[in-house]
Amino acid sequence: MTSIHQAVMTTELIDAIRPQAGGRYLDGTLGGGTHTEALLQDSAPDGVVCSLDVDPVALERARERFKGMEPRWIGVEANFRHLAEVTTDQGLTPLEGVVLDLGFSSDELEDFSKGISFQQDGPLDMRLGPKANEDGLTAADIVNSWTQQEIETVLRNFGEESHARTIAREILKARKAARIIGTLDLVSVIKKAVPHRPSKIHPATKTFQALRIVVNDELESLRMAIKGAQQVLKPGGRLAVITFHSLEDRIVKQAFQSETWSPVYKKPLEPTEIEIKQNPRARSAKLRAAERL
Ligand SMILES: C[S@@+](CC[C@H](N)C(=O)[O-])C[C@H]1O[C@@H](n2cnc3c(N)ncnc32)[C@H](O)[C@@H]1O
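For the sequence shown, our numbering begins at 9 and goes up steadily by one.
Encoded structure:
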């Protein structure tokens, strides 16, 4: 079971963290394991890398990939919002570096049972794993039981969806007839609400992004992870974060303006044209890094 995920900006991420032999690092978003592997390589022969993911499948895959690397590699199924507790429990603090590569992996997108893809049918769940949220909320709960106003607000605030009102209204209409249970059921509701779009993006892109962010409480997890990194990084230690949309990037940018952090780069780094050509998923990536003062 190998990962199909192509990690983004690995070289830039490693340049930002500058792993050293004997250092201790946290990869809060293990995914397919490329960033973890790079951290392990560059901190050889005795650096330690602890990798977290909320997706148990990512951990299972990594246990295979990094077999024999223990005790240099430690994998933990955990939410990165708890990174300070996890690394303290593992006796790894203070850390030299923390990396976060936000969002979901291609493996998760292709796993129809997670329901994050609007290209294939699956349950309207959207949790990336059992520890992705604390209340068990699913996308089906939101579309079938939240008020029209609440749904509209979610689509507007977390999807920056300009048709939020029309889509929310159509969802309410559809669910009166029958509960919306599958991803493709929701896609057809969205297409009814917004039949023509001038842009090339799929009509369901923004709605799916908004629901995923809320279900996984992604923005709050990010805020908590930055605070956690502040607690466990040693002075001079570095946090590097790769974001994929402006809501995430804004949180990182603002956090790095506080007096705890000294940004490594004035502006966020972006992937090269070559990388974007090879991996179109990289096109919206932005990397920010800062040193703990
Ligand atoms: C873009 S992928 C990371 C890819 C990885 N950097 C690599 O080298 O392959 C994001 C990963 O973060 C995980 N994830 C998302 N939110 C998380 C959270 N709050 N805590 C821990 N893992 C999370 C996802 O399950 C996914 O596997």
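For glycine and all other residues, C-beta sits at the position ideal for the given N, C-alpha and C.
On a predicted model such as this, the values are computed, not experimentally measured, just so you know.
- In this structure, residue 109 lies near residue 39, with their beta-carbon atoms less than 9 Å apart.
- Only residues of its own chain outside the window of five on either side were considered, and among them 124 and 125 have a CB closer than 7 Å to the CB of residue 117, listed in chain order.
- When only Cα atoms are considered, residue 49 and residue 82 end up about 14 Å apart.
- The Cβ atoms of residue 223 and residue 101 lie no closer than 9 Å to each other.
- Classified as exposed, residue 209 has fewer than 16 neighbouring CB atoms from the shown chains inside 10 Å of its CB.
- Judged by DSSP secondary structure, residue 196 falls within the alpha helix (DSSP H) whose first and last residues are 191-201.
- The residue from 162, 180 and 181 with its alpha-carbon nearest to that of residue 172 is 162.
- Each of 86, 176, 134 and 170 was checked against the Cα of residue 153, and the nearest Cα belongs to 176.
- In the three-state DSSP reduction, residue 169 falls in the coil class, being neither helix nor strand.
- Exclusion of the five residues before and after residue 190 leaves 129 as the residues of its chain whose Cβ lies within less than 6 Å of its Cβ.
- Rounded to whole angstroms, the Cβ separation of residue 192 and residue 150 is 17 Å, and the two are not in contact under 8 Å.
- In the structure shown, residue 136 adopts coil according to DSSP, grouped into three states.
- The alpha carbon of residue 13 has as its nearest neighbour, out of 107, 113 and 44, the alpha carbon of 113.
- With a cut-off of 8 Å, the C-beta of residue 125 is classified as distant from ligand 1, since no heavy atom of the ligand falls inside that distance.
- Distances from the CA of residue 248 to each of 87, 89 and 105 were compared; the closest alpha carbon is that of 105.
- The criterion of a C-beta distance shorter than 9 Å is satisfied by residue 299 and residue 245.
- Taking residue 71 as reference, the option from 52, 31, 44 and 22 with the minimal CA-CA separation is 44.
- The continuous alpha helix (DSSP H) containing residue 45 extends over residues 42-50.
- Contact between the region 52-64 and the region 196-206 is absent, with fewer than three C-beta pairs closer than 8 Å.
- Beyond the five residues adjoining it in sequence on each side, residue 187 comes within less than 8 Å, by CB distance, of 148 and 152 in the same chain, given in chain order.
- Restricting attention to 217, 254 and 121, the CA atom closest to the CA of residue 292 is found in 254.
- Residue 160 counts as buried, since no fewer than 16 other beta carbons sit within 10 angstroms of its beta carbon.
- In this structure, ligand 1 has no non-hydrogen atom nearer than 8 Å to the beta-carbon of residue 94.
- Bounds of the alpha helix (DSSP H) holding residue 254 are 254-263.
- When distances are taken from the beta-carbon of residue 240 to the heavy atoms of ligand 1, even the shortest one reaches 8 Å or more.
- Bounds of the beta strand (DSSP E) holding residue 105 are 103-109.
- Comparing alpha carbon positions, the residue from 239, 250, 274 and 282 closest to residue 301 is 239.
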